[in-house]
Each structure stands twice: as structure tokens, then as C-alpha cells.
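In the working numbering, the protein residues as written are 480 to 549.
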């Protein structure tokens, strides 16, 4: 379970969207989290790599490691 406190302006917009579309506020909050969670995780992974001065990987090396290289 997750409880969020949102600024009143965002709460109003969310309520309006839910009312206009017949969906719940929870539906849209969940969709927003799912849409952006991977981006936020990637950002913090990149910051950690920079802070720890881990070696960078070239695009070619990343493709090779992921099995995408020809």
C-alpha cells in the first residue's frame, strides 16, 4: 500500500482527469509511476557509476554483453 500527499494543484488535475475519463486517480498514479520508474532507476545507476568512478562501457561493449552484437 502506498499513500501520497500531492500538491493541491496536482490533486485537482488528477481528479479532473479521472472524472473526465471514468478512470480512477489510482489508475493514473500507477500509470505514471510505472512509466517513469525505469528512467529514475537508470538515472541513479548512472549517478552511482559516476560517484564510484566505475569504468565506462562503450556502446559496442554493452551490445556484446547484452548479446546484441552481430
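Every residue gets a Cβ at the ideal spot worked out from N, C-alpha and C, and that includes glycine. If you're wondering where the values come from, they're calculated on a predicted model, not measured in any experiment.
For residue 487 and residue 503, I'd like the C-alpha separation in whole angstroms.
Within the chain shown, numbered from 1, the residue matching residue 487 stands at position 8. Within the chain shown, numbered from 1, the residue matching residue 503 stands at position 24. Looking at the backbone, the Cα of residue 487 and that of residue 503 are separated by about 17 Å.
Would residue 507 and residue 493 qualify as a contact pair, given that the criterion is a beta-carbon distance under 8 Å?
Residue numbering aside, residue 507 sits at position 28 when the chain shown is read from its first letter. Residue numbering aside, residue 493 sits at position 14 when the chain shown is read from its first letter. The answer is yes: Cβ separation under 8 Å.
For residue 535 versus residue 542, is the C-beta spacing smaller than 8 Å?
Start at 1 with the first residue of the chain shown, and residue 535 comes out as number 56. Start at 1 with the first residue of the chain shown, and residue 542 comes out as number 63. In this structure, residue 542 does not lie closer than 8 Å to residue 535 by Cβ.
N- and C-terminal bounds of the alpha helix (DSSP H) containing residue 539
Mapped onto the chain shown, residue 539 falls at position 60. Counting along the chain, the alpha helix (DSSP H) containing residue 539 begins and ends at 538-544.
Does DSSP put residue 549 in a helix, in a strand, or in coil?
Locating residue 549 in the chain shown gives position 70, where the first residue counts as 1. Under the three-state reduction of DSSP, residue 549 is assigned to coil, being neither helix nor strand.
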